[in-house]
RNA sequence: CGGGGCGUGGCGCAGUUUGGGAGCGCGUCUGAUUUGGGAUCAGAAGGUCGCAGGUUCAAAUCCUGUCGCCCCGACCA
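In the working numbering, the protein residues as written are 6 to 571.
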């Protein structure tokens, strides 16, 4: 297929200082990508080959699920975005430009607007539905902070499919099709992944799943149940706390706690475990100050809080504001006698005789009890799930893993069709808004995620379905005519059999070739060395194994085929 | 945007505190000897020290401005 001396893949021995995470470092070192600006990259040949393979699998599965591929423009006129109201909503995250007539355009961060107007213009009847339309294309988002190489670029490749149905029932079917197609895609990519329930966030809608490639240094945390199939982003996971027996209520008491500011201080100096304490956080929700209380060792989930309050702005209150409102600083806040709305995490109802701040500097209350000593405005699930929480489906303990979000599917409902007045005529001749879904896959991110999941100290270990090449042939000494001829004959044989092969014909020492082969992560390496060749044997090594094995020259093709397509 | 760090040959860095020779390792080129896990020796090329102003006899080094990059936070494929 290709000879090393003819292939442009500039490998680096050292880690470029721009790269922090593994996938970014290895993509740069192995010569797959080069940076052009923050979050904007060139894919060199090897990188592009991987991208194309991922795209192909995605494309096949989208087609199989009934999707039709199209290609929409990147440059879109302002009017389109005014219609949905997102010209202003999208804010600085949208790249904007003007043409020579001073007309406004955007570089599309997503394509709901365009697809909706397209379908609206040409679909008038329920008879034309459902429709599943997709594209694989660049997206542009002027991220506040692009980072981690391909993980969060400002220009990135995405597959986006949009479904149009006549009603919720139809949407359920389309959604299910995509859900299954996505499962097939990640299975075919040979990546370990998990599907999780997700918060549908700003895009809106009411049901949403994320597809997470599992990786130890992934950005997202996922809780899942070994017993049933429940899995969810910690942001979304419903927390069931272990039931505890209520103790008999003791008399409320005040404790002098000079200089004690944190939960840990109270643990260390008063021997009260964090699980017997309640912490109080003050927030400004659209300007109104509110209090949130949680068990001492828990983390507040701001998304749950924001969803509960249905507010636009939510910030932690600064200490001056808190002091003015409550008469005490951060270290001494508590719900007792507090004159603002209190939102209590569900778990607090399980607690008795706990300790919390007394809203007076240097004092805490002990033996506090909810109901007797204070009454919250609401008691709801507000904290982040943790390992060991009970599964909301089957009540077994949950486990925690990290993952990278590579796919996200949403039920949009009529959010965009209503704002953009996109309708069809139903059988009764009545105009109805399309019921929509949208389904994204980060193609370039998937490439990075595959590396985060599959690498070792020597470099990338590509899963076979997306490896840039299947085999690399390494003749130990290129000046040895016999070895060279053997290498070329194997190279020709494998190439003609349709395998993707690199022949490392560089005049380099064996060590250099091995290092590069490992770095770029080709799944199979065939080494032709002088000793074994005398016995008409070559060495075959799988990238993910330590040991190589010697095989007969004549068995090479069969052996390689067996590994590539078992 | 807030906080932190960094810009010196292709890559990784030292030099900046205390102003005065632009250096080191890797890579690249030439030749020789090597050839199963990033060889050795000899020689060579390559940098207006991010950019612009200023201070000074003299600036990589001090001052001002500006651009770019990376990390932590809000965002998300």
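Think of the CB as a built atom: it goes at the ideal place given N, C-alpha and C, for glycine as much as any other residue. On a predicted model such as this, the values are computed, not experimentally measured, just so you know.
In whole angstroms, give me the CA-to-CA distance for residue i and residue j.
| i | j | result |
| --- | --- | --- |
| residue 529 | residue 203 | 38 Å |
| residue 53 | residue 8 | 17 Å |
| residue 121 | residue 163 | 18 Å |
| residue 179 | residue 72 | 10 Å |
| residue 177 | residue 273 | 53 Å |
| residue 195 | residue 447 | 16 Å |
| residue 501 | residue 401 | 54 Å |
| residue 281 | residue 307 | 23 Å |
| residue 41 | residue 231 | 44 Å |
| residue 516 | residue 300 | 57 Å |
| residue 485 | residue 474 | 25 Å |
| residue 572 | residue 423 | Not covered by the structure: residue 572. The range shown for the chain is 6 to 571. |
| residue 56 | residue 330 | 56 Å |
| residue 345 | residue 240 | 26 Å |
| residue 236 | residue 459 | 23 Å |
| residue 361 | residue 288 | 18 Å |
| residue 78 | residue 94 | 21 Å |
| residue 383 | residue 303 | 18 Å |
| residue 85 | residue 61 | 31 Å |
| residue 341 | residue 350 | 15 Å |
Measure the CB-CB distance between residue i and residue j and report whether it falls below 7 Å.
| i | j | result |
| --- | --- | --- |
| residue 228 | residue 395 | no |
| residue 573 | residue 526 | The requested residue 573 does not occur in the structure, where the chain is confined to residues 6 to 571. |
| residue 159 | residue 44 | yes |
| residue 74 | residue 139 | yes |
| residue 144 | residue 161 | yes |
| residue 451 | residue 476 | no |
| residue 252 | residue 357 | yes |
| residue 453 | residue 28 | yes |
| residue 262 | residue 338 | no |
| residue 294 | residue 322 | yes |
| residue 11 | residue 190 | no |
| residue 393 | residue 165 | no |
| residue 115 | residue 260 | no |
| residue 83 | residue 104 | no |
| residue 49 | residue 449 | no |
State the CB to CB distance for the pair residue i and residue j, rounded to an integer number of angstroms; the pair is presumed to be in contact (CB under 8 Å).
| i | j | result |
| --- | --- | --- |
| residue 257 | residue 373 | 6 Å |
| residue 254 | residue 70 | Actually they are not in contact, since the Cβ atoms of residue 254 and residue 70 sit about 58 Å apart, beyond 8 Å. |
| residue 413 | residue 271 | In fact, because the Cβ distance is near 41 Å, the residues do not count as touching under 8 Å. |
| residue 545 | residue 481 | Contact doesn't hold; Cβ gap of about 14 Å is too wide. |
| residue 16 | residue 521 | 5 Å |
| residue 470 | residue 58 | 7 Å |
| residue 283 | residue 359 | 5 Å |
| residue 388 | residue 305 | 6 Å |
Going along the chain, which residues of its own chain have a beta-carbon closer than 8 Å to the beta-carbon of residue i, five neighbours each way excluded?
| i | result |
| --- | --- |
| residue 427 | 121, 122, 124, 125, 421, 438 and 439 |
| residue 430 | 129, 130, 131, 436 and 437 |
Can you name, in chain order, every residue of its own chain whose Cβ lies under 7 Å from the Cβ of residue i, other than the five neighbours on each side?
| i | result |
| --- | --- |
| residue 496 | 478, 506 and 508 |
| residue 97 | 147 |
| residue 172 | 440 |
| residue 151 | 43, 44, 157, 158 and 159 |
| residue 201 | 214, 215, 217, 227, 236, 237 and 238 |
| residue 468 | 194, 195, 196, 455 and 459 |
Which class does residue i belong to by DSSP, given the choice of helix, strand or coil?
| i | result |
| --- | --- |
| residue 565 | helix |
| residue 341 | coil |
| residue 421 | helix |
| residue 350 | strand |
| residue 495 | helix |
| residue 387 | coil |
| residue 197 | coil |
| residue 215 | strand |
| residue 475 | coil |
| residue 208 | Because the pLDDT of residue 208 is 46, which lies under 50, any placement of that residue in the model is unreliable, and the number read from its coordinates should be weighed accordingly. In this structure, residue 208 counts as helix in the three-state DSSP scheme. |
| residue 489 | helix |
| residue 167 | strand |
| residue 180 | helix |
| residue 448 | helix |
| residue 75 | coil |
| residue 68 | helix |
| residue 533 | strand |
| residue 157 | strand |
Return the chain-ordered list of same chain residues with a C-beta closer than 6 Å to the C-beta of residue i, the five sequence neighbours on each side being excluded.
| i | result |
| --- | --- |
| residue 223 | 407, 408 and 409 |
| residue 33 | 21 and 24 |
| residue 290 | 314, 316 and 319 |
| residue 311 | 319 |
| residue 456 | 28, 31 and 465 |
| residue 100 | 112, 145 and 147 |
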